[in-house]
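Position 135, counted from 1, in the sequence shown is what this note's numbering calls 1170; the numbers after and before it change by one each time, with no gaps.
Quick reminder that beta carbons are idealized off the backbone N, C-alpha and C, glycines included.
This one's a predicted model, so the numbers in the text were calculated from it and none came from an experiment.
A quick write-up on the structure given underneath.
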Amino acid sequence: MSSFLGSIGRSMARGTQRVQKRSPTPSNSTVTSPIDTVAPSSIFAPPPPPAQKPLYLSSPFVEAALVKGNFKTIVMLPKYVDIMEWVAVNVYDFYNNLNEFYGTIAECCTSEACPTMAAGSSLSYTWINQERKSVHLPAPTYIDYVMAWIQTLLNDENVFPTKSGNDFPQGFPSTIKHVYRQLLRVFAHIYHAHYPQILHLRSEPHFNSLFAHFLAFGREYELLEIKDVKGASSAPVGIGALWEKWKEMGLLEG
Ligand SMILES: [Zn+2]
């Protein structure tokens, strides 16, 4: 593990070069910050149907066009690059790529088709609203809130500094972890609810690569908690099984 979380302070000094200039993008409306809760759909919900293997766990889709070998090599910190910069640039790219993917399937993600932010047969994520209440939102609304919230952070020079001389704030690692957890939920929803559309668009090689890269990067820099990837045993996250499968295949490490 590279000690991203432990590196605050010592890597704040700007001795290293910028990886790339992040382009300013238009800001969206402000939304409340998503604080995390996970709620099983309902304790009265009928038991899940007999386990049927989701398509994303089935061959050949589970292996589709993943880079040969281990993702470790592409997540390693390049020489002379500041760890904060490296994490910021990668998170920026994950956000943009995922946003683009979601755009290609968004017409299928409606409040009728996805009345909750489902990510497993007995799991729907809830949102904390302004009254601090945990509420179920239709998936498209939930995802819009998440993406708008992240976009606002990315545009905030105090959170994601892009100008030379501006340092990353003390709270940057914890902000990034928060962002990462929400991006994971968007991946989880797309895999759970929209994999047929991904297949229809023949995007599964690219989507799998993006997600495997996201997982490898998140584990390397301690941005991802295993419990968020796998969920509770009573309400597992669908993609937890995919993560296990990719570990078995030697693509990812623990
Ligand atoms: Zn949906």
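Selected residue, minimal CA-CA separation from residue i, among the options
i               : options                               : result
leucine 1188    : Val1126, Tyr1137 and Ile1118          : Val1126
glycine 1253    : Tyr1215, Ser1268 and Ser1146          : Tyr1215
alanine 1228    : Val1116, Pro1113 and Ala1148          : Ala1148
valine 1124     : Ala1267, Glu1288, Pro1196 and Gly1200 : Pro1196
glycine 1206    : Glu1279, Lys1198, Ala1247 and Asn1193 : Asn1193
isoleucine 1185 : Asp1117, Asp1128 and Glu1255          : Asp1128
serine 1209     : Arg1167, Lys1168 and Tyr1256          : Tyr1256
lysine 1107     : Phe1249, Arg1167 and Lys1168          : Phe1249
Which residues DSSP lists as bridging residue i, in chain order
i               : result
tryptophan 1162 : Val1170
methionine 1182 : Note: methionine 1182 sits in no beta bridge, so no partner.
methionine 1152 : Tyr1160
alanine 1270    : Ala1267
C-beta atoms of residue i and residue j nearer than 7 Å
i               : j              : result
valine 1110     : alanine 1251   : yes
cysteine 1144   : alanine 1174   : yes
leucine 1158    : alanine 1270   : yes
tyrosine 1230   : tyrosine 1130  : no
lysine 1212     : leucine 1258   : yes
leucine 1236    : threonine 1161 : no
asparagine 1134 : leucine 1245   : no
Neighbourhood of residue i by C-beta, 8 Å cutoff - its chain only, sequence neighbours within 5 removed
i               : result
tyrosine 1137   : Cys1144, Ile1178, Met1182, Val1221 and Ile1225
alanine 1141    : Pro1175
lysine 1088     : none
tryptophan 1260 : Here residue 1260 turns out to be glutamate, not tryptophan, going by the sequence shown. So the list reads Arg1216, once near-sequence residues are dropped.
6 Å Cβ shell around residue i - same chain, five flanking residues per side excluded
i              : result
alanine 1223   : Ala1154, Val1272 and Ile1274
histidine 1241 : none
Span of the alpha helix (DSSP H), counted from its first residue to its last, around residue i
i              : result
leucine 1236   : Counting along the chain, leucine 1236 falls outside any alpha helix (DSSP H), and DSSP gives it neither H nor E.
threonine 1139 : 1118-1140
lysine 1280    : 1273-1283
valine 1110    : 1107-1110
Sequence-distant residues of the same chain with beta carbon closer than 7 Å to residue i, five excluded per side
i               : result
valine 1170     : Thr1161, Trp1162 and Asn1164
aspartate 1263  : Arg1216 and Leu1219
tryptophan 1281 : Ala1247 and Leu1287
asparagine 1201 : Glu1192
glutamine 1232  : Ile1140 and Cys1143
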